[in-house]
Amino acid sequence: MRIPKLFFLVLFGLASNLLFSQGHANLRFGLTFPQGKFSDDDRENFMFTTLGAGTGFHIGLDYDYRFKGSGLGVFGGVDFHYNPLKRSIKDDIEDEAETFDDYTYQKYFNIPITGGLFYTFDVNDNISLILRGGLNYNILIISPFEYINTDLEEEGTINFSTTSKIGFRLGGGLIIQGKYLVQFNYFGLGKYNIPIEVVEDYDGNRDVYKWRIKTRINYLSIGVGVRF
């Protein structure tokens, strides 16, 4: 997995500047709501163009540096988002594949690294409004899906290759008493072409199949946090 050198150079320069400047770190956590094809549970297109991701959770860290005498500033951030497979998809799989008796379903992990601009507006002495936007480099990791028939000693594993894309983040929220956060963020993480390898073992034989999932990753995160 190759990460664009220019992106890392810009991010490193931004981080170095911020670490030696006066600013604020924001620790965030809350819920993640998949959107579009990432969330779609259409069984016919599942693992071809849709992923059936359910509501999950996230934790994130931003570092904000506000320019002196201005509401404008720059920020760098990293997020970790976890989403399980929807129950509706699990039920469909278990109804259709009755010969198998045990399943380990895939889980979705997105790690976007973001750099961009923000603007704060002080509503009063206790509340400020903040808006932010920027570009990110997202790493998508999907854990394997495994299925087993114990009696027949038959098992299969679907492996997903780790992929990455450039995307964006738009968001905003409230800063309360200069310390507490209420935030929302929309992540448009790009279009993915995810390689898949299916390995099935049955009665001493092994079959391998390969294809690609062509989909998009988008989600909305809502949460609270603390500002340091």
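Just so you know, my numbering puts the end of the sequence shown at 347, numbered straight through with nothing missing. Even glycine gets a Cβ: it sits at the ideal position worked out from N, Cα and C. Because the structure is a prediction, the values reported are computed rather than measured.
Over the uninterrupted beta strand (DSSP E) stretch that includes residue i, give me the two end residues.
{"i": "residue 283", "result": "282 to 295"}
{"i": "residue 329", "result": "324 to 346"}
{"i": "residue 264", "result": "264 to 268"}
{"i": "residue 223", "result": "221 to 223"}
{"i": "residue 252", "result": "246 to 261"}
{"i": "residue 180", "result": "175 to 185"}
Which residues in the same chain as residue i place their Cβ atom closer than 6 Å to its Cβ, once the five residues preceding and following it in sequence are excluded?
{"i": "residue 274", "result": "267, 320"}
{"i": "residue 276", "result": "263, 265, 318"}
{"i": "residue 316", "result": "278, 329"}
{"i": "residue 148", "result": "178, 342"}
{"i": "residue 310", "result": "335"}
Report the three-state DSSP secondary structure of residue i (helix, strand or coil).
{"i": "residue 234", "result": "strand"}
{"i": "residue 307", "result": "strand"}
{"i": "residue 157", "result": "helix"}
{"i": "residue 164", "result": "helix"}
{"i": "residue 145", "result": "strand"}
If you draw a straight line from the alpha carbon of residue i to that of residue j, how long is it in whole angstroms?
{"i": "residue 312", "j": "residue 187", "result": "43 Å"}
{"i": "residue 325", "j": "residue 318", "result": "7 Å"}
{"i": "residue 331", "j": "residue 167", "result": "7 Å"}
{"i": "residue 288", "j": "residue 227", "result": "19 Å"}
{"i": "residue 225", "j": "residue 177", "result": "17 Å"}
{"i": "residue 222", "j": "residue 163", "result": "20 Å"}
{"i": "residue 202", "j": "residue 290", "result": "20 Å"}
{"i": "residue 155", "j": "residue 255", "result": "19 Å"}
{"i": "residue 344", "j": "residue 144", "result": "10 Å"}
{"i": "residue 308", "j": "residue 252", "result": "13 Å"}
{"i": "residue 334", "j": "residue 286", "result": "14 Å"}
{"i": "residue 160", "j": "residue 209", "result": "10 Å"}
{"i": "residue 235", "j": "residue 282", "result": "23 Å"}
{"i": "residue 120", "j": "residue 157", "result": "Bear in mind that the predicted position of residue 120 carries a pLDDT of just 44, short of 50, making it unreliable; the figure below should be weighed with that in mind. When rounded, the distance between both Cα atoms is 22 Å."}
{"i": "residue 323", "j": "residue 272", "result": "9 Å"}
{"i": "residue 171", "j": "residue 243", "result": "43 Å"}
{"i": "residue 327", "j": "residue 165", "result": "19 Å"}
{"i": "residue 206", "j": "residue 213", "result": "11 Å"}
Go to residue i, then tell me how far its alpha helix (DSSP H) extends in each direction, as first and last residue.
{"i": "residue 279", "result": "Unbroken run through residue 279 is the beta strand (DSSP E), 273 to 279; no alpha helix (DSSP H)."}
Only counting the same chain, and skipping five residues up and downstream in sequence, which positions put a Cβ closer than 7 Å to that of residue i?
{"i": "residue 280", "result": "313, 314"}
{"i": "residue 241", "result": "247"}
Examine the ligand ATP and report whether any of its heavy atoms sits within less than 6 Å of the Cβ of residue i.
{"i": "residue 310", "result": "The ligand ATP is not part of the structure shown, which contains no ligands of any sort."}
Leaving out five residues on either side along the sequence, give the residues of the same chain with a beta carbon under 8 Å from the beta carbon of residue i.
{"i": "residue 174", "result": "150, 151, 152, 153, 202"}
{"i": "residue 220", "result": "267, 268, 269, 270"}
- Message: Please give me, in chain order, every unbroken run of the alpha helix (DSSP H) with length at least 4 that falls completely inside the segment 188 to 213.
- Response: Taking only runs of at least 4 residues, no alpha helix (DSSP H) segment lies wholly in the segment 188 to 213.
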